[in-house]
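In our numbering, the protein residues as written are 2 to 310. Each residue gets a CB set at the ideal place from its N, CA and C atoms; glycine is no exception.
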Ligand code: GLU
């Protein structure tokens, strides 16, 4: 994969930001979490962090946003660190081809979610790391991991966003209860869902998120929080499952492992080179940031960054 100079990167990001500012169709902001529903869709930020921790940014790169499902990458890394391959008895590694919050497969496949990034799978992962711990401890560990990866102790959980999601979490509670009925939930549903909504409510800027994503870049200078073998596996899962039923389209258009969140953020990894975070709150039909995806497509084309050669 090509190395791109800092000056070229700055110019590419400025061009992308300019183009995205002018976009008329910005997608639709997620409406089902009340605290997120009112966010101004005109915002757009993008950051590229290099292995040494320096970052190049454009647009609203210093505005904190709700990382939502991007948190699932960090909890997966923690769960694999704790349980290793045992985790795979609770959750699969296949793309779902269904919406992020679908319950269909769960019934057909005996309560074992397809992958750790659909909601059911992420709830199972959170349940797994809760074993023998208090939610406070699990959330503390998650924040420690993210802060260490980003090199930034200011990263925090937005309690109002968590409470807002908790109050409307009927579907996620249904997923958890169904898994409990099938023997794939070990803690009380309220405890697991309470932890899950708080992990989703971590707030970061694109600058912070891009720096945090360096733990998946696997290059000298990056924080060493998981082994290279595990980095490859997490990246594989991000490529296959990171954008729900839009994962194939994202791989086709961008060609990099990525994970989206309904807050409009996307984390993408350029193995050996960089970590990218982009944020624009409007979503496409698959629940992934519309302009975020377009921006990454431009960036991948302009830099030649793709895992496919
Ligand atoms: N907290 C969100 C939910 O469970 C996460 C979904 C997402 O970001 O895709 O609905």
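Item	Value
In terms of residue numbering, what span does the beta strand (DSSP E) encompassing residue 278 cover?	275-280
Beta-carbon distances below 6 Å to any heavy atom of the ligand GLU define the shell here; list its residues in chain order, please.	69, 70, 101, 102, 120, 166, 173, 201, 262, 263 and 288
Short of 6 Å in beta carbon distance, which residues of its chain neighbour residue 280, apart from the five on each side in sequence? Order them along the chain.	46, 66, 207, 265 and 266
Within the same chain, show all residues whose beta-carbon is closer than 6 Å to that of residue 304, passing over the 5 residues directly before and after it, in chain order.	5
In terms of residue numbering, what span does the alpha helix (DSSP H) encompassing residue 8 cover?	7-23
By Cβ distance, which residues of its chain are closer than 6 Å to residue 293, with the 5 residues on each side in sequence left out?	267, 279 and 281
With a threshold of 16 other CB atoms inside 10 Å of the CB of residue 87, please say whether the residue is buried or exposed.	exposed
For residue 254, I'd like the list of residues in its chain whose CB is within less than 6 Å of its CB, leaving aside the five on either flank, ordered along the chain.	298
Could you tell me the alpha carbon to alpha carbon distance between residue 307 and residue 189, rounded to whole angstroms?	42 Å
So, does the region 149-167 touch the region 15-30, judging by three or more C-beta pairs under 8 Å?	no
Are the CB atoms of residue 13 and residue 300 within a distance shorter than 8 Å?	yes
Assign residue 103 to one of three DSSP states: helix, strand, or coil.	coil
How about residue 210 and residue 236: do their beta carbons lie closer than 8 Å?	no
Going straight from the alpha carbon of residue 233 to that of residue 37, what length do you get?	32 Å
Quick one: which unbroken alpha helix (DSSP H) runs of 4-plus residues sit fully inside the region 141-176? Chain order, please.	160-168
Who are the near neighbours of residue 162 in its chain, counting only those whose CB is closer than 6 Å to its CB and skipping five residues on each side?	36, 67 and 202
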